[in-house]
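K.L.:
Below is one structure. I have some questions about it.
Number of protein chains: 2
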Amino acid sequence: MAVKLNDDQFHRIARALADPRRYELLRRIGRSEKCVPCGDLLGCSEISAATLSHHMKELETAGLIESRREGKFVKYRLRRDVLDAYLAKLAQI
Amino acid sequence: MAVKLNDDQFHRIARALADPRRYELLRRIGRSEKCVPCGDLLGCSEISAATLSHHMKELETAGLIESRREGKFVKYRLRRDVLDAYLAKLAQI
DNA sequence: TCATCAATTAGACGTTTGTCGAAATATCGA
DNA sequence: TCGATATTTCGACAAACGTCTAATTGATGA
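First to last, the sequence lines map onto chains R and B.
Residues 13 to 105, numbered by my numbering, are exactly what the first sequence covers, in order.
Residues 13 to 105, numbered by my numbering, are exactly what the second sequence covers, in order.
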């Protein structure tokens, strides 16, 4: 069954996608089949760890990604079902 | 041939969609087969004319709508091809 | 237990954004 | 041309946002 987005989550997603850095992070995560370690994301962008953490939180509270801690590391994966739900709702315009 | 979005326009669209009021305005315009007069939009929301004008400009510079003046009135229509191009690009994540 | 590395949180700062009222511009009809 | 109506622009303001450094928390291995 497909994901259902309420107005609040829909709006959160729209805002999350409005920042180019977050969009790139999401692409980076989506491109990988495996979960992506936080450190990798920091490695391929110019932002500070604090800023990265902030952006990851935005993406996660939007529901676009999921995080999992593995020891010292945190890994992320794309919630493609949520992204698809967002696309479906936008397409209804 | 489908519309091609460069990074700047893509980002502009994402930002335009991040505001709930603009999203509603876009829906309102998209729902109508005919062009929608500016005054109608003002009629069914609580914002001032100045704020409405500001939002319409954002939507237009994003490429999501087109405007046409007819005498005293300005009318808008949805650029569905641009919206579709945005959806297609987002779907590539 | 401690030193170390990974990630988050707190606090601050400048920029962008949404909003409005007032003034300006555009168009029409009398 | 003048007055009325529709829309835009200007200038201001508060709130939200992206960013950073410094401090904190979490987890590992020596």
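Note that beta-carbon positions come from the ideal geometry of N, C-alpha and C, so glycine has one too.
Since the model is a prediction, treat every value here as computed from it, not as a measurement.
#1: For B:R89 versus B:I77, is the C-beta distance shorter than 8 Å?
#2: Name, in chain order, the residues that DSSP records as bridge partners for R:K87.
#3: Is there contact here, the segment 33-51 of chain R with the segment 34-46 of chain B, by at least three beta-carbon pairs under 8 Å?
#4: So which of R:Q104, R:A100 and R:G83 has the shortest CA-CA distance to R:V15?
#5: Look at the Cβ atom of R:A74, then the Cβ atom of R:I25, and state whether they are nearer than 8 Å.
#6: Would you mind reading off the limits of the alpha helix (DSSP H) that contains B:K69?
#7: Can you tell me whether R:F22 is buried or exposed? The criterion is at least 16 other CB atoms within 10 Å of its CB, across all chains shown.
#8: Just to make sure I have the definition right: I need the residues of chain R whose C-beta is within less than 7 Å of the C-beta of B:P32. Which are they?
#9: Would you call B:M68 buried or exposed, if buried means 16 or more other Cβ atoms sit within 10 Å of its Cβ?
#10: Which residues of chain R have a Cβ atom closer than 7 Å to the Cβ of B:L29, listed in chain order?
#11: Quick check on B:R34: buried or exposed, where buried means 16 or more other Cβ atoms within 10 Å of its Cβ?
#12: Nearest to R:L95 by CA position, among B:C56, B:E45, B:R81 and B:I105, is which residue?
#13: Does DSSP put R:L38 in a helix, in a strand, or in coil?
P.N.:
In short, the structure shows the following:
#1: Numbered from its first residue, the second sequence carries residue 89 of chain B at position 77. Numbered from its first residue, the second sequence carries residue 77 of chain B at position 65. Yes, these two residues count as a Cβ contact at 8 Å.
#2: For the purposes of this step, residue 87 of chain R is identified with residue 75 of the first sequence, where counting begins at 1. DSSP lists R:P49 and R:R80 as partners of R:K87.
#3: The segment 33-51 of chain R makes no contact with the segment 34-46 of chain B, as fewer than three CB pairs between them are under 8 Å.
#4: Counting from 1 along the first sequence, the entry for residue 15 of chain R is found at position 3. The residue with the shortest Cα to Cα distance from R:V15 is R:A100.
#5: Numbered from 1 along the first sequence, position 62 holds the residue referred to as residue 74 of chain R. Numbered from 1 along the first sequence, position 13 holds the residue referred to as residue 25 of chain R. Yes, the Cβ-Cβ distance between R:A74 and R:I25 is below 8 Å.
#6: Residue mapping note: residue 69 of chain B aligns to position 57 of the second sequence, counting from 1. First-last of the alpha helix (DSSP H) with B:K69: A61 to T73.
#7: Within the first sequence, residue 22 of chain R is the residue found at index 10, counting from 1. The residue is buried, with at least 16 neighbouring Cβ atoms inside 10 Å.
#8: Counted from its first residue, the second sequence places residue 32 of chain B at position 20. In chain order: H23.
#9: For the purposes of this step, residue 68 of chain B is taken as residue 56 along the second sequence, with counting starting at 1. It counts as buried.
#10: In the second sequence, residue 29 of chain B corresponds to position 17, counting from 1. Per Cβ cutoff of 7 Å: A26.
#11: Mapped onto the second sequence, residue 34 of chain B falls at position 22. The residue is buried, with at least 16 neighbouring Cβ atoms inside 10 Å.
#12: Residue mapping note: residue 95 of chain R aligns to position 83 of the first sequence, counting from 1. Closest option to R:L95, Cα to Cα, is B:I105.
#13: As a position in the first sequence, residue 38 of chain R is number 26, starting the count at 1. Correct three-state label for R:L38: helix.
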